[in-house]
Structure formats: structure tokens, C-alpha cells
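Student: Sending over a structure as C-alpha cells; questions will come in a sec.
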């Protein structure tokens with residue numbers, strides 16, 4: 016039993032997960048579902064839109080993050096309006112759901 020307790024920390028592992036929003040698709044991942052984005056906007060690190068990192072987001076930008084996940088203090092953002100990867104294309108439309116009648120929800124979708 017003591018041997019098991021001694022070995023337990025050995026089996027703990029740090030996980031650095033990556034993920035992306037597929038529905039509705041984010042602008043950084045749109046090239047995966049819409050072929051018109053493949054010429055201009057292929058972004059191999061589309062799963063790493065993490066506001067410049069935890070330390071940068073909170074120590075430099077007071078917890079702020081740009082709408083597309085790029086660092087808030089970055090002057091020219093690639094995926095926002097005016098950026099090199101901004102096409103002005105709407106990748107999908109959705110209808111509102113009456114199931115949330117008395118709730119307030121704000122969504123900023125890149």
C-alpha cells in the first residue's frame with residue numbers, strides 16, 4: 016500500500032490540451048470546413064488561439080483577450096477586420112432558440 020502511494024505521483028501527467036470551436040466554426044478554423052478559406056487563411060495553429068498565453072493575458076492585458084483569441088494588445092490582428100486573414104465571409108447563420116427565455120447571454124463569435 017505504501018509503495019502504491021509513493022508511486023502515485025509518478026503516474027500524474029500534465030496535459031496541454033488543444034481544441035477548437037467547430038460549430039459554429041471560428042474564423043481561424045474556417046479553412047477546415049470552407050474551401051474558399053484554404054487559399055488565404057490556412058492557419059496551422061488554429062487550435063492555439065489562447066490570448067498570448069496565460070501569463071500574457073493576465074499580467075499584461077488584465078485578463079482581456081481579442082475576439083478571435085489573439086493577444087489583446089497586438090496592434091494588427093490577423094483574423095479580425097482589417098487583418099490579413101479577414102475575408103468578411105459569414106461562415107454560417109443560426110436561428111435563435113426560444114428555450115432561453117429568461118436568461119441573458121452574450122456571445123462574441125470570431
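Numbering (my numbering), first residue to last: 16 to 125.
We treat Cβ as the ideally placed atom computed from N, Cα and C, and that holds for glycine.
List the residues that DSSP assigns as beta-bridge partners of residue 86.
Tutor: The residue labelled residue 86 in the question sits at position 71 within the chain shown. Bridge partners of residue 86: 80.
Student: Of the choices 75, 87, 95 and 63, whose alpha-carbon is the least far from that of residue 35?
Tutor: Working through the chain shown from its first residue, we reach residue 35 at position 20. Nearest of 75, 87, 95 and 63 to residue 35, Cα basis: 63.
Student: Below 8 angstroms on the Cβ atoms is my contact criterion, and I expect residue 46 with residue 57 to pass it. Report the Cβ-Cβ distance as a whole number of Å.
Tutor: Position 31 of the chain shown, counting from 1, holds the residue named residue 46. Position 42 of the chain shown, counting from 1, holds the residue named residue 57. So it is a contact: roughly 5 angstroms between Cβ atoms.
Student: Please name the residue in 21, 48, 28 and 17 whose C-alpha comes closest to that of residue 106.
Tutor: Mapped onto the chain shown, residue 106 falls at position 91. Nearest of 21, 48, 28 and 17 to residue 106, Cα basis: 48.
Student: In whole angstroms, what separates the C-alpha of residue 22 from that of residue 76?
Tutor: Sequence index remark: in the chain shown, residue 22 carries index 7 (1-based). Sequence index remark: in the chain shown, residue 76 carries index 61 (1-based). Going by the C-alpha atoms only, they are around 40 angstroms apart.
Student: In terms of alpha-carbon separation, which member of 110, 60, 20 and 102 lies closest to residue 54?
Tutor: By 1-based counting over the chain shown, the position of residue 54 is 39. That would be 102, whose Cα lies nearest to the Cα of residue 54.
Student: Between residue 100 and residue 44, is the Cβ-Cβ spacing less than 9 angstroms?
Tutor: In the chain shown, residue 100 corresponds to position 85, counting from 1. In the chain shown, residue 44 corresponds to position 29, counting from 1. No, Cβ-Cβ distance for residue 100 and residue 44 is not below 9 angstroms.
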